[in-house]
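These protein sequences, in sequence, are chains A and B.
Those letters in the first sequence? Residues 0 to 933, per numbering that gives the first Met the number 0, in order.
Those letters in the second sequence? Residues 0 to 933, per numbering that gives the first Met the number 0, in order.
Just so you know, even glycine gets a beta-carbon here, dropped at the ideal spot from N, CA and C.
All values derive from a computational prediction rather than experimental measurement.
Read the structure below first, then the notes.
There are 2 protein chains.
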Amino acid sequence: MAVKYVYSFGDGKAEGRGDQKELLGGKGANLAEMARLGMPVPAGFTITTEACTEYYRKGRKLISLLDKEMRKALARVEKSMGKKFGDPRNPLLLSCRSGARSSMPGMMETVLNIGLNEATLDGLVAKTGNAWFVWDSYRRLIQMYSDVVMEKAEGIEPAEDQGVRKQLERAMDKLKQERGYKLDTDLTVDDLKRLVVEYKGIVRRVLGKEFPDDPMEQLWGGVLAVFRSWNGKRAISYRRIEGIPDEWGTAVNVQSMVFGNMGNSSATGVAFTRNPATGENKFFGEWLINAQGEDVVAGIRTPNPLNEDTRPMDEEHKGLPSLEKGMSKTYKELVAIRNRLEKHFRDMQDIEFTIEEGKLWMLQTRTGKRTGPAAVRMAVEMAQSKLIKPEEAIMRVTPAQLNELLLPVLDRDVEDKAIRLCGGLPAGPGGATGQAVFTADQAVEWAKEGKSVILVREETNPEDVEGMRAALGILTARGGMTSHAALVARGWGKCCVVGAGAIEVNAHARHFTVNGKKIKEGDWISLNGTRGAVYEGRLPLVAGAEENPYFTKFMVICDKIRKLDVRANADTPEDAEKAYKFGARGIGLFRTEHMFYGKGAEEPLFILRKMIHSSSSEERKVALNELFPYVKRDMKATMQAMRGYPVTIRLLDPPLHEFVPQSEDERRRLANSLNIGMDELKKRADELHEVNPMMGHRGVRLGITYPEVSEMQIRAILEAAAELLAEGKKTLPEIMIPVTCDVRELRHQKAMVDRVHAEVAGKFGKKNIPHMFGTMIEIPRAALKADEMAEVAEFFSFGTNDLTQMTFGFSRDDIGGFMPEYVESKILPGDPFETLDQSGVGQLVECGIQRGRSTSPKLKIGICGEHGGDEPSVIFCHNIGMNYVSCSPFRVPIARMAAAKAVVLENKAKKGAAAKPKAGKKAKTAAAKGKRKK
Amino acid sequence: MAVKYVYSFGDGKAEGRGDQKELLGGKGANLAEMARLGMPVPAGFTITTEACTEYYRKGRKLISLLDKEMRKALARVEKSMGKKFGDPRNPLLLSCRSGARSSMPGMMETVLNIGLNEATLDGLVAKTGNAWFVWDSYRRLIQMYSDVVMEKAEGIEPAEDQGVRKQLERAMDKLKQERGYKLDTDLTVDDLKRLVVEYKGIVRRVLGKEFPDDPMEQLWGGVLAVFRSWNGKRAISYRRIEGIPDEWGTAVNVQSMVFGNMGNSSATGVAFTRNPATGENKFFGEWLINAQGEDVVAGIRTPNPLNEDTRPMDEEHKGLPSLEKGMSKTYKELVAIRNRLEKHFRDMQDIEFTIEEGKLWMLQTRTGKRTGPAAVRMAVEMAQSKLIKPEEAIMRVTPAQLNELLLPVLDRDVEDKAIRLCGGLPAGPGGATGQAVFTADQAVEWAKEGKSVILVREETNPEDVEGMRAALGILTARGGMTSHAALVARGWGKCCVVGAGAIEVNAHARHFTVNGKKIKEGDWISLNGTRGAVYEGRLPLVAGAEENPYFTKFMVICDKIRKLDVRANADTPEDAEKAYKFGARGIGLFRTEHMFYGKGAEEPLFILRKMIHSSSSEERKVALNELFPYVKRDMKATMQAMRGYPVTIRLLDPPLHEFVPQSEDERRRLANSLNIGMDELKKRADELHEVNPMMGHRGVRLGITYPEVSEMQIRAILEAAAELLAEGKKTLPEIMIPVTCDVRELRHQKAMVDRVHAEVAGKFGKKNIPHMFGTMIEIPRAALKADEMAEVAEFFSFGTNDLTQMTFGFSRDDIGGFMPEYVESKILPGDPFETLDQSGVGQLVECGIQRGRSTSPKLKIGICGEHGGDEPSVIFCHNIGMNYVSCSPFRVPIARMAAAKAVVLENKAKKGAAAKPKAGKKAKTAAAKGKRKK
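So, in structure tokens, the structure goes:
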């Protein structure tokens, strides 16, 4: 047999290993690893991801290829567990679960209790002495199997409420109603037997098929259903969001069932080796007595705390029993396993366990999802305790996780005085404020309209994923820290409060009530997902990272390793201050035009408009003289806020038409001030209109046609610097010319800078005012002619936003018409404005660097624009030898981390190359070698 | 002495040579060459262009550097001519003329009769016995010198009519009026003496200086005035138009005066060795008895014909004496010189001669300017007679000259019946129709407003140049074939009729009268510049080249040599037909959308609009089905017109918003047809609006988001081809995808082509319908990723219009705001949309070719768009290894010629490289080697 598709595990042995995640999926590999570690894993086997891929090529033919191998593995399981699959006297029951390379919680299917049938029912009753448990299990099997295997996997899409699952649920609800029962557990064995008969009838009627009685048929059904669920709508949508390739496929884990629902000495639980919300190094989990695993995560019952130390301190949790106290021996066993697992896997683990009549079974271990704050804290603490190296700590945190720390939280002062509606579990970090909505669809719709929404649900399920993504925050009435809502929210770093038991959600009527208050659709509420609290109204949010000590420590680790400098894009003293706090050392992009936006800019904006609507150089100069003090003031304040670090000031960039006033009043005031009629004003404004303003009269083109506009800015920069120097403060302005395509544009502007510099230096009695002269590289031609550009420019700053526009011919304002389709049908891997298109636009960036340094080896090179805060793009910038990246203040920490990761990856690649000396180093790394100066 | 600044000539000897044009200027080099050939050249010397350049560096200091050298040369002249400069008894008089590398007629200054002063006057009178001539010469010297040297060269810019020239003219007019004279020659010697006194007084009063009496001072004044005139306004403006570098400078030719105005045995003339208007191989020229050279070109007197054979046959010329008859011995001498000159210089020469009391003096020879038809005819005839090689013949014709042949002429049938106002000399070729204007400024102004104008002047002078350029045609009342107007018009290939003596121009009143008719400003007139005729009204124009036999012969010479294929951009059967006639063999660009423009397209346009305003794929498909037959019909007809040659059809390219109807009526009809309200229609149209449509939802982006739109076009193309094949006709459609940036776009469209092809082939019972699949390369990223693109595309067509837009970030619609300034201040050498920017955009084109052929060595590569008809761009396309160029039908002959020139230049470069084996061949040529297949 050429290919091995089935890997057995159990009894302290396993055919697979923990590092075979690609082949066995995450769950399968870790089950094998746990078995190898001698942990109590119910025996089973894993069908590989290759089998899944093969299934998509061959279809049902795969069965015959697999059958022999699977029967052999099944025999081993029977031997290990001392039971036989389909044996009426001592039947083995199996679970069948998906397991992809990376976890996709709730996105694919699971079938439990496979092997129960008319024949084995009685044998199991006889063996367990628990008829209720057996009949309940059978009822669950039919319910799950008919839904997952017989309906969904066959691609049947019934109208709402007509699906087999709903019909079976209704049958049970009807019976409970007839009997006057409240809970499922109130049903008697006879009730269950009647229900089973009814269930089978419904299956026959709705699906036109019998519920299969043959255990092997059941098993095959389960296996194929898992395969098929890989291409279910929800799974595809999840993969798209998470960026998981469709080609990976899922493995199938077939494992002997163990039961946590065999009475009060049985239990089931889910735990994290450290707190996944805060990162605190405490064993943290939830469990339920007499329950199956799905009961814990489904959020139907509020689960108990694992131990006393991590028990939530609210009313609801105060009285719940902990495993530590209730089953102390088993708890100790579990703690020992927890300690071994963390040491072995060197990361926080997310584990599932079941206690079957007192015996502990480990069902799963995997690297646990965590919030951003938790990821950072764990990385720092694991590095401190030498569990991992600093380099590894850096690689442990994703940009999204770091972003969570930077995301807003509720303003603590305001929060303390706000109207608290209720508490809940802190399932997703940070703060959120928005309007309440009660369905996922509504969340998506309102979000599209630009509204801020909080999705409020009784509990969430996988169908809600899109709505959860659209919402700023999620609130559920039920479920624990391991519920679906909590897992998904944590994965995304989204603010989330779960298990807020005090609220009663009426999705149909679109409101919820809490402590006598009614919150209707559209009402504003606020969440604190870090504390677990719900407030009425719209509370203000503030930046989160500054108070987090682990954040600071983590950044120190990153800064020690990284080589790239990190600057910020900032246009005001406030932004510069914020950027400095986030660790920016220098401003990479100060946009002169931004001083004309927003509040407080009315007067300079008005003068700017006068300038723009001038019809002669003389008229324009009058307005420019008026504008000068404002411009100098703002530049000086920003330079001062950067404490002597370089400040790159880009001269006026946008097409002038952007500043034409829209309101009648403003137009009239402008016309009066210019002493012209409204017609003349309109004529002048119309002359500024352009067909494609992005490629029109802007940037240096303005500086050349209206040199007086450049001159005013240059003078403002140099005078601001001179004044600071005179005040004994340090500063280094870098004058940057935008939208250049030819060195002669630079020569034109450089001559002006030199002239104005001489004048200003003379005025201030100085020989020299330190400054630099450079250019944006944002037009393809500028990159192609970079050797010439570098003869005049002392620095380059790659404007990859515009460079992406020109290189793709994509107007960023207009991609809405086709970009979603392009990404959906995989014509592009993603929006190139988010992550730099390394293979296309990146060629021009590399070309620009190489050619620029060919004539000016010491050329300072950076990037400004949004790619400067995107992890893969920053790594690329490092690899091709830039000196710095610049991004918005909030992204500065992400850039610092990405820059450190770049070094770690580079060293790794070097090691790899050293190990395989024949595989030459990448040209990119070579090109960058020794070129970057700190 | 390190640098030699002065080169003597005369007496059958010369220090300079004819190939030293860069150093001596064209005139100086040719005077030297004529002297070497033993022709009768008045002795003189040339001050080099280097001296001019040096003058702009050192100013008047140059005088001391030059003085010694010049005095030495002067002594030689004195010896040769047997006269002495400043000698009262036997004075030598000198002329001082400019002479740049290439002729700039009338743009720079000339001073004649230098050396006449109070002392030499009487000596000259004694020697010549012609007091009148001497005093008239003195009068002329003061007039010319005070204007050129004392006023203009000093940078004095008097108010209109206040200049010294005008004031002197007024003094003479006043005297003539007092005396009742009509002509200048009516003045007596006493009158002239009185005038000289008056002149000197006016000079003193107006310029505050004495007219210089020292001959050497006069000479230096003349030399420096010539230097300064290089940077005069008119000269700069001319250089800009002609593309002459400012750095060249001008030489100064100082030459002994000979006089054509010493009585009736004296004469002066200007001639061409062949007819410069038609190219006919006949000695052609004009002369005047008892006149100085300036009289012939100034157009004040109508000159006489040189010989009987070329005498114009109209009333005015019938009675004039020819040199052939009037001075037959001298004429024969001149003919012998003419024959030697043509043989020596191997090109048509433009010569000036003077006959001083029976002795022939050659004053100048230079390569003569010619009209386009003349250039082509001469090239063909000189090649036929083996005077030059075919390669040289090709290089002799400029694109502008060839363009003249393609330029419109008056429709002969209509012309024959039109109202003929009068005749004139055929000074500039082709036909023109426009509104009469009477000043150069008015011509410029009206042309800017988009009007077609004919500039009508008594005579033109260098101040009129801008207006002449702006006009479509030029008409003057006076002047001959060598007048200013004629020379300039011929240089530009502009339609021009001169010497239309029947008209009386009243520029002040803005009208002219002719045979009792009054034509006012704004009235339409039409010119036949090839025949020399003026018509009333607006006559229709037709294409000119087809009837010209020399054109056809010239094209055959080109086609034998060129290697590039030449195709045309054509969107209709009519255009395809025209293109075929102009020699296009294949269509390089058929723009689907053009079938929706213009007359006859109303119905398809309406359906297209329905399609565009559809809100669902279904609605769209209905409209597409309606559109299909129109599209197929047009494609089929165009393919058929191309007679089996390949036709590249570009799928729909522009943003849909371009087709939104503007008129209320059309909008209403559209809304009705779509069964929607006007509000809904507006909403749908608004959704199509884009901020930067050039980079928006267009080209293949439409084809991917609305695949049904691509599919309809593909089906139309393949069905059209299948139908033609079924009719026994050959065709090869090439399906071209526009605006691509990634190979996956091509894969998407290719899959559709393959599917539709299978369907259409099936429908027509064929296995295969021959077709090709390819892409535009017009987005920078497509060029960068050309290796991947070529894995799917079978051909590339470089769309350098869009590629230039994206590479420069220049929206072609919006460059008006800065491009003039960019060209004016030399930031760019020219508009990159006219001539391909080889060093920038060209890099991407080369990159695209190299990478494309790296994965697909046989890739067919061409260019479409306007650079395909621009000579330097076509040469570039040849050098980098393209297979074909495609351009508008009218430019096809230019492309054919440019492609031939490319081969000639390539062979020349190869020979050069072979001669100097160390200088490596250019990489470009190497890259192209062996790649192009015919």
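**Message:** Short of 8 angstroms in beta carbon distance, which residues of its chain neighbour residue 558 of chain B, apart from the five on each side in sequence? Order them along the chain.
**Reply:** What you label residue 558 of chain B is simply residue 559 of the second sequence in a count that begins at 1. For residue 558 of chain B, where only same-chain residues beyond five positions count, the Cβ hits under 8 angstroms are 582, 895 and 899.
**Request:** State buried or exposed for residue 81 of chain B, treating a residue as buried only when at least 16 other CB atoms are found within 10 Å of its CB.
**Result:** Sequence index remark: in the second sequence, residue 81 of chain B carries index 82 (1-based). Exposed: under 16 other Cβ atoms inside 10 Å.
**Prompt:** Would residue 494 of chain A pass as a contact of residue 466 of chain A if the rule is Cβ separation under 8 angstroms?
**Reply:** For this step, residue 494 of chain A is matched to residue 495 along the first sequence. For this step, residue 466 of chain A is matched to residue 467 along the first sequence. No. Outside cutoff.
**Request:** Report yes or no: do three or more beta-carbon pairs, one from the segment 124-132 of chain B and one from the segment 148-161 of chain B, lie closer than 8 angstroms?
**Result:** no
**Request:** Would you mind telling me which residues of chain B sit closer than 7 angstroms to residue 806 of chain A, beta carbon to beta carbon, in chain order?
**Result:** Counted from its first residue, the first sequence places residue 806 of chain A at position 807. Within chain B, the residues near residue 806 of chain A are 779 and 780.
**Message:** For residue 926 of chain B and residue 852 of chain B, I'd like the C-alpha separation in whole angstroms.
**Reply:** On the second sequence, position 927 is the one that residue 926 of chain B refers to. On the second sequence, position 853 is the one that residue 852 of chain B refers to. Since pLDDT at residue 926 of chain B reaches only 41, below the 50 mark, its modelled position is unreliable, and the value read off the structure follows with that caveat. About 11 angstroms.
**Message:** If you reduce the DSSP assignment to three classes, tell me which class residue 90 of chain B lands in.
**Reply:** Numbered from 1 along the second sequence, position 91 holds the residue referred to as residue 90 of chain B. Note: residue 90 of chain B maps to strand in three-state DSSP.
**Asked** Cα-Cα, which of B/74, B/600 and B/646 is closest to residue 658 of chain B?
**Response** Start at 1 with the first residue of the second sequence, and residue 658 of chain B comes out as number 659. Here the closest residue by C-alpha is B/600.
**Asked** Closer than 8 angstroms, CB to CB, is residue 817 of chain A near chain B or not?
**Response** Numbered from 1 along the first sequence, position 818 holds the residue referred to as residue 817 of chain A. Yes, residue 817 of chain A lies at the interface with chain B (some Cβ there is under 8 angstroms from its Cβ).
**Interfacial residues, the segment 786-802 of chain B to chain D, with Cβ spacing under 8 angstroms** = The structure shown contains no chain D; its protein chains are A and B.
**Message:** So, under 8 angstroms CB-CB, residue 768 of chain B and residue 802 of chain B are touching, yes? Tell me the CB distance rounded to an integer number of Å.
**Reply:** Within the second sequence, the letter at position 769 stands for residue 768 of chain B. Within the second sequence, the letter at position 803 stands for residue 802 of chain B. Actually they are not in contact, since the Cβ atoms of residue 768 of chain B and residue 802 of chain B sit about 31 angstroms apart, beyond 8 angstroms.
**Asked** Can you list the residues of chain A that residue 783 of chain B reaches, using a CB-CB cut of under 8 angstroms?
**Response** Position 784 of the second sequence, counted from the first residue, corresponds to residue 783 of chain B. Within chain A, the residues near residue 783 of chain B are 806, 839, 842 and 843.
**First and last residue of the uninterrupted alpha helix (DSSP H) at residue 510 of chain A** = Here residue 510 of chain A refers to the residue found at position 511 when the first sequence is read from its first residue. Not the alpha helix (DSSP H): residue 510 of chain A falls in the beta strand (DSSP E), residues 510-513.
**Prompt:** Does any CB atom of chain B fall closer than 8 angstroms to the CB of residue 704 of chain A?
**Reply:** Counted from its first residue, the first sequence places residue 704 of chain A at position 705. Taking Cβ atoms only, chain B reaches closer than 8 angstroms to residue 704 of chain A, which makes this a yes.
**Asked** Just to confirm, are residue 170 of chain A and residue 194 of chain A a CB contact at a threshold of 8 angstroms?
**Response** Against the first sequence, residue 170 of chain A aligns to sequence position 171. Against the first sequence, residue 194 of chain A aligns to sequence position 195. Going by C-beta atoms, residue 170 of chain A is nearer than 8 angstroms to residue 194 of chain A.
**Request:** Can you tell me the Cβ-Cβ gap for residue 312 of chain B and residue 336 of chain B, rounded? I've got them flagged as a contact below 8 angstroms.
**Result:** Within the second sequence, residue 312 of chain B is the residue found at index 313, counting from 1. Within the second sequence, residue 336 of chain B is the residue found at index 337, counting from 1. Between residue 336 of chain B and residue 312 of chain B the Cβ distance is about 27 angstroms, and since that is not below 8 angstroms, they are no contact.
**Request:** Reducing DSSP to helix, strand and coil, say where residue 596 of chain B ends up.
**Result:** Residue mapping note: residue 596 of chain B aligns to position 597 of the second sequence, counting from 1. Three-state DSSP puts residue 596 of chain B in coil, outside helix and strand.
**Asked** Would a check of beta-carbon distances place residue 752 of chain A closer than 8 angstroms to chain B?
**Response** As a first step, residue 752 of chain A must be located in the first sequence, where it is residue number 753. For residue 752 of chain A, the answer is no, since every Cβ of chain B falls outside 8 angstroms of its Cβ.
**Message:** Is it buried or exposed, residue 880 of chain A, if we count other Cβ atoms within 10 angstroms and call 16 or more buried?
**Reply:** Taking the first residue of the first sequence as 1, we reach residue 880 of chain A at position 881. Label assigned to residue 880 of chain A: buried.
**Request:** Report yes if the CB atom of residue 703 of chain B is closer than 8 angstroms to the CB atom of residue 734 of chain B, and no otherwise.
**Result:** If you number the second sequence from 1, residue 703 of chain B lands on position 704. If you number the second sequence from 1, residue 734 of chain B lands on position 735. Contact flag unset, no.
**Message:** So for residue 771 of chain A, helix, strand or coil by DSSP?
**Reply:** For the purposes of this step, residue 771 of chain A is identified with residue 772 of the first sequence, where counting begins at 1. The answer is strand: DSSP assigns residue 771 of chain A an E or B state.
**Prompt:** Taking only beta-carbon atoms, is residue 820 of chain B less than 8 angstroms away from chain A?
**Reply:** Working through the second sequence from its first residue, we reach residue 820 of chain B at position 821. It does; some Cβ of chain A falls within 8 angstroms.
**Prompt:** Quick one: does residue 826 of chain B have its CB under 8 angstroms from some CB of chain A?
**Reply:** Residue 826 of chain B sits at position 827 when you count from the first residue of the second sequence. Yes - at least one Cβ of chain A is within 8 angstroms of the one on residue 826 of chain B.
**Asked** Which term fits residue 921 of chain A, buried or exposed, when burial requires 16 or more other beta carbons within 10 angstroms of its beta carbon?
**Response** Here residue 921 of chain A refers to the residue found at position 922 when the first sequence is read from its first residue. Annotation note: pLDDT 44 at residue 921 of chain A (below 50); position unreliable, no value reported.
**Request:** Kindly list, in the order they appear in chain A, the residues whose Cβ is closer than 7 angstroms to that of residue 696 of chain B.
**Result:** Counted from its first residue, the second sequence places residue 696 of chain B at position 697. Chain A residues near residue 696 of chain B: 813, 816 and 817.
**Prompt:** Of all the beta strand (DSSP E) runs that stay within the bounds of the segment 9-88 of chain B, which reach a length of 3 or more residues?
**Reply:** 43-46
**Asked** How long is the line joining the alpha carbons of residue 480 of chain B and residue 240 of chain B, rounded to whole angstroms?
**Response** The count along the second sequence starts at 1 and reaches residue 480 of chain B at position 481. The count along the second sequence starts at 1 and reaches residue 240 of chain B at position 241. So the two alpha carbons sit approximately 22 angstroms from each other.
**Asked** Got a sec: does the ligand FMN put a non-hydrogen atom nearer than 7 angstroms to the Cβ of residue 573 of chain A?
**Response** Although the ligand FMN was asked about, the structure shown includes no ligands whatsoever.
**Endpoints, beta strand (DSSP E) assigned at residue 534 of chain A** = Residue 534 of chain A sits at position 535 when you count from the first residue of the first sequence. Taken as a continuous stretch (DSSP letters only), the beta strand (DSSP E) holding residue 534 of chain A covers 532-535.
**Request:** Could you list which residues in chain B have their beta carbon closer than 8 angstroms to that of residue 743 of chain A, in chain order?
**Result:** As a working note, residue 743 of chain A is residue 744 in the first sequence. Those within 8 angstroms of residue 743 of chain A in chain B are 825, 826 and 827.
**Asked** So what does DSSP say about residue 156 of chain B, is it helix, strand or coil?
**Response** Your numbering for residue 156 of chain B matches position 157 in the second sequence. Correct three-state label for residue 156 of chain B: coil.
**Message:** Give me the residue from B/329, B/301, B/476 and B/83 with the minimum Cα distance to residue 316 of chain B.
**Reply:** If you number the second sequence from 1, residue 316 of chain B lands on position 317. Among B/329, B/301, B/476 and B/83, the Cα nearest to that of residue 316 of chain B is on B/301.
**Prompt:** Using a beta-carbon distance below 8 angstroms, is residue 196 of chain A in contact with chain B?
**Reply:** Taking the first sequence and counting its residues from 1, the one referred to as residue 196 of chain A is at position 197. No, residue 196 of chain A does not count as interfacial toward chain B.
**DSSP state of residue 174 of chain A mapped onto helix, strand, coil** = Locating residue 174 of chain A in the first sequence gives position 175, where the first residue counts as 1. Residue 174 of chain A: helix per DSSP, three-state reduction.
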